[in-house]
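Student: Sending over a structure as structure tokens; questions will come in a sec.
There are 2 protein chains.
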Amino acid sequence: MATALTPGSREETSVRRKASRLDLFRFVPFRLNRLSAEVSAALAGEYEARYGLDVPEWRVLATLGFRNDACSAQYISDCTRTHKSTISRAVTALMERQIVERVENAADRREFRLRLTRKGRALYEELIPRLLRKEQEILSCLSASERKLFAALLGKIERSLELVQTSQEADAKEAY
Amino acid sequence: MATALTPGSREETSVRRKASRLDLFRFVPFRLNRLSAEVSAALAGEYEARYGLDVPEWRVLATLGFRNDACSAQYISDCTRTHKSTISRAVTALMERQIVERVENAADRREFRLRLTRKGRALYEELIPRLLRKEQEILSCLSASERKLFAALLGKIERSLELVQTSQEADAKEAY
DNA sequence: TTAGATTAGTCGCAACTGCAACTATCTTAC
DNA sequence: GTAAGATAGTTGCAGTTGCGACTAATCTAA
Chain A
1 MATALTPGSR
11 EETSVRRKAS
21 RLDLFRFVPF
31 RLNRLSAEVS
41 AALAGEYEAR
51 YGLDVPEWRV
61 LATLGFRNDA
71 CSAQYISDCT
81 RTHKSTISRA
91 VTALMERQIV
101 ERVENAADRR
111 EFRLRLTRKG
121 RALYEELIPR
131 LLRKEQEILS
141 CLSASERKLF
151 AALLGKIERS
161 LELVQTSQEA
171 DAKEAY
Chain B
1 MATALTPGSR
11 EETSVRRKAS
21 RLDLFRFVPF
31 RLNRLSAEVS
41 AALAGEYEAR
51 YGLDVPEWRV
61 LATLGFRNDA
71 CSAQYISDCT
81 RTHKSTISRA
91 VTALMERQIV
101 ERVENAADRR
111 EFRLRLTRKG
121 RALYEELIPR
131 LLRKEQEILS
141 CLSASERKLF
151 AALLGKIERS
161 LELVQTSQEA
171 DAKEAY
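Protein sequences, first through last, are from chains A and B.
Anchor point for the first sequence: position 11 equals 11 in the numbering used here, and the numbering is continuous, going up by one each time.
Anchor point for the second sequence: position 110 equals 110 in the numbering used here, and the numbering is continuous, going up by one each time.
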């Protein structure tokens with residue numbers, strides 16, 4: 001059936017690879033891509049099949065559920081690094097299902113303040129434990145200290161790519 | 001302009017989060033997804049704009065370039081965990097551009113043996129150093145030992161999700 | 001005040017990709 | 001040998017998503 005998937009390479013051998021060849025299996029961007037897809041698929045089983053949510057919808061739910069106050073679609077778009085048109089469609093779908101509601105912002109009538117309905121909050125509360133359990137399941141191959149280390153290393157890369165703000169930056173923006 | 005992106009949360013605080021709330025910024029699946037997208041985008045600048053390759057095409061190129069012998073589309077599909085229809089279309093596009101060529105396999109006329117043309121090999125040789133440099137650039141925020149550690153942790157998760165074969169499995173399949 | 005720039009959100013369009021059906025070929029079982 | 005099942009690869013179709021244009025509202029600067 002399947003042939004060997006790592007032709008001539010072994011994860012463990014730390015021989016320096018030639019500059020003129022690239023082993024996909026050791027190439028971090030590819031590995032991240034594949035891992036991300038696999039992890040997403042594993043989680044999708046929790047919220048897609050069971051609750052009929054797709055990824056953008058889940059992100060809206062997660063952002064609104066985590067916050068106590070209402071926020072704009074633009075804010076969700078920034079937070080989740082998801083295109084505003086994608087967020088817009090997700091919000092529309094969630095409003096139709098009465099999971100999210102929005103109110104005009106009198107202070108700036110371009111934007112709407114979004115928040116979970118009671119039904120949306122209930123859905124959120126039901127879904128979260130499942131997802132956290134799934135996350136722990138995926139990370140269960142790591143020890144507690146390895147998990148911390150992994151999170152810290154991810155954080156370093158994220159910060160260097162400016163995917164998250166440092167505390168100082170966040171403070172500065174909250175300050176004025 | 002932008003409001004703070006991590007409302008009320010700090011990466012560094014290691015307070016145990018409540019089970020009923022989930023901070024996207026600490027949720028590993030989300031972080032992987034976002035990081036993967038960002039890293040892919042950073043690399044795409046190298047092969048998309050400059051060489052007109054999309055992700056599936058790059059994967060075909062990378063798989064064929066790494067191997068010395070020809071292989072089937074199915075093999076590439078397995079290796080890269082990319083759907084066979086996607087690989088099929090990528091191969092078609094690369095053949096039109098004379099980057100890849102294929103020959104019938106007399107032993108099994110359902111499949112074709114794929115390999116890089118001279119032009120394709122030249123493209124590969126030109127592209128690889130750029131991509132490896134970009135990868136190093138992205139990982140330059142980590143020390144050498146941190147990079148090793150990160151790779152090892154990725155490997156653990158990959159193996160637990162059966163994204164890669166262990167050496168033993170690969171050996172077993174090569175053996176018969 | 002007012003013109004020009006900026007921002008929030010929506011929507012049409014096009015590109016991409018997974019699914020599933022299809023053809024051609026090979027393998028297995030009888 | 002033949003029928004049933006499996007496999008390689010292609011393609012039509014539909015769902016998703018990013019881009020960019022658009023409207024409406026706000027901000028800026030003279």
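A virtual CB, placed ideally from N, CA and C, is assigned to each residue, including glycine.
Owing to the predicted nature of the structure, the values given are computational and were not obtained by experimental measurement.
When the Cα atoms are used, what is the spatial distance from ALA107(A) to SER20(B)?
Tutor: Each residue's Cα considered, the two are about 32 Å apart.
Student: Can you list, in chain order, the residues of its chain whose CB lies under 6 Å from that of THR86(A), leaving out five sequence neighbours each side?
Tutor: Cβ within range, chain order: PRO56.
Student: For the alpha helix (DSSP H) containing GLU177(B), name the first residue and the last one.
Tutor: Lying before the first or after the last residue shown, residue 177(B) is absent from chain B, which here runs from 1 to 176.
Student: List the residues of chain B whose Cβ lies closer than 8 Å to the Cβ of ALA90(A), in chain order.
Tutor: Per Cβ cutoff of 8 Å: no residues; ALA90(A) is ~14 Å from chain B at best.
Student: When you compare only the Cα positions, how much space is there between GLU38(A) and CYS141(B)?
Tutor: Near 26 Å, if we compare the C-alpha coordinates of CYS141(B) and GLU38(A).
Student: Return the chain-ordered ranges of every alpha helix (DSSP H) run that is complete within the stretch 17-49 of chain B and spans a minimum of 4 residues.
Tutor: Entirely contained in the stretch 17-49 of chain B, the alpha helix (DSSP H) runs reaching 4 residues are, in chain order, 28-44.
Student: According to DSSP, is LEU53(A) part of a helix, a strand, or is it coil?
Tutor: Three-state DSSP puts LEU53(A) in coil, outside helix and strand.
Student: Could you check how far apart the C-beta atoms of LEU195(A) and THR80(B) are, in whole angstroms? I think they sit under 8 Å.
Tutor: Outside the displayed span of chain A (1 to 176) sits residue 195(A), for which this structure offers no information.
Student: According to DSSP, is LEU161(B) part of a helix, a strand, or is it coil?
Tutor: Of the three classes helix, strand and coil, the one that applies to LEU161(B) here is coil, per DSSP.
Student: How do the stretch 144-161 of chain A and the stretch 149-164 of chain B stand: do at least 3 beta-carbon pairs fall below 8 Å, yes or no?
Tutor: The stretch 144-161 of chain A is in contact with the stretch 149-164 of chain B.
Student: Thinking LEU43(A) and LEU131(A) are a contact (beta carbons under 8 Å), I'd like their distance in whole angstroms, please.
Tutor: Rounded, the Cβ-Cβ distance is 6 Å, consistent with contact.
Student: Would a C-beta distance cut-off of 8 Å place ALA73(A) and PHE30(A) closer than the cut-off?
Tutor: Cβ distance not < 8 Å, so ALA73(A) and PHE30(A) don't count as in contact.
Student: Considering LEU142(B), what are the terminal residues of the beta strand (DSSP E) in which it resides?
Tutor: From DSSP, LEU142(B) is part of no beta strand (DSSP E); its letter is neither H nor E.
Student: Considering only their Cβ atoms, is the gap separating VAL28(B) from GLU135(A) smaller than 8 Å?
Tutor: Yes, Cβ-Cβ distance for GLU135(A) and VAL28(B) is below 8 Å.
Student: Return the residues of the stretch 74-104 of chain A that lie within a Cβ-Cβ distance of less than 8 Å from chain B, sorted by chain order.
Tutor: Hits within the stretch, in order: TYR75, ASP78, CYS79, THR80, ARG81.
Student: Anything in chain B within Cβ reach of PHE112(A), meaning under 9 Å, just list it in chain order.
Tutor: Simply none; closest approach about 15 Å.
Student: At which residues does the alpha helix (DSSP H) containing SER77(A) begin and terminate?
Tutor: SER77(A) -> alpha helix (DSSP H) spans 73-80.
Student: Say whether chain A places a C-beta atom closer than 8 Å to the C-beta of THR63(B).
Tutor: Yes, THR63(B) lies at the interface with chain A (some Cβ there is under 8 Å from its Cβ).
Student: Can you find a CB in chain B that lies within less than 8 Å of the CB of LYS156(A)?
Tutor: At least one chain B Cβ lies under 8 Å of LYS156(A).
Student: Using DSSP with H/G/I as helix, E/B as strand and the rest coil, what is GLN168(B)?
Tutor: Legend: pLDDT at GLN168(B) = 46, less than 50; position of this residue unreliable, no value from coordinates given.
Student: Smallest Cα separation from ARG50(B): which of LEU161(B), SER160(B), LEU127(B)?
Tutor: With distances taken between Cα atoms, ARG50(B) lies closest to LEU127(B).
Student: Using a Cβ-Cβ cutoff of less than 7 Å, which residues in the same chain neighbour VAL91(A) once the five nearest sequence positions on both sides are dropped?
Tutor: Hits under 7 Å: VAL60, ALA73, VAL100, LEU114.
Student: So who's on the other strand from ARG113(A), going by DSSP bridges?
Tutor: Answer is VAL103(A).
Student: Please confirm whether PRO29(A) has its beta-carbon closer than 8 Å to some beta-carbon of chain B.
Tutor: Taking Cβ atoms only, chain B reaches closer than 8 Å to PRO29(A), which makes this a yes.
Student: I'd like to know if VAL15(A) contacts chain B, where contact means its C-beta is closer than 8 Å to some C-beta of that chain.
Tutor: Bear in mind that a pLDDT of 46 at VAL15(A), under 50, signals an unreliable position, so the model cannot answer this.
Student: In chain order, what residues of the same chain lie with their CB nearer than 6 Å to the CB of ILE157(A), ignoring the 5 residues before and after it?
Tutor: Correct list: empty, nothing qualifies.
Student: Tell me which residues share the same chain as THR117(A) and place their Cβ nearer than 7 Å to its Cβ, disregarding the 5 neighbours each side in the sequence.
Tutor: Only GLN98, ILE99, VAL100, GLU101 meet the Cβ criterion.
Student: For VAL39(B), go through chain A and note every residue whose CB falls closer than 9 Å to its CB, in chain order.
Tutor: Going along chain A in sequence order, the residues near VAL39(B) (Cβ under 9 Å) are VAL28, PRO29, LEU32, ASN33, ILE157, LEU161.
Student: Count the other C-beta atoms from every protein chain shown that fall within 10 angstroms of the C-beta of ALA62(A), then say buried if there are 16 or more, exposed otherwise.
Tutor: It is buried - the Cβ of ALA62(A) has at least 16 other Cβ atoms within 10 Å.
Student: Would you mind stating whether LEU154(A) and LEU35(B) have Cβ atoms separated by less than 8 Å?
Tutor: Yes, they are a contact pair.
Student: Name the residue from ASN105(A), LEU94(A), GLU162(A), ASN33(A) whose alpha carbon lies nearest to the alpha carbon of CYS71(A).
Tutor: Considering only alpha carbons, the answer is ASN105(A).
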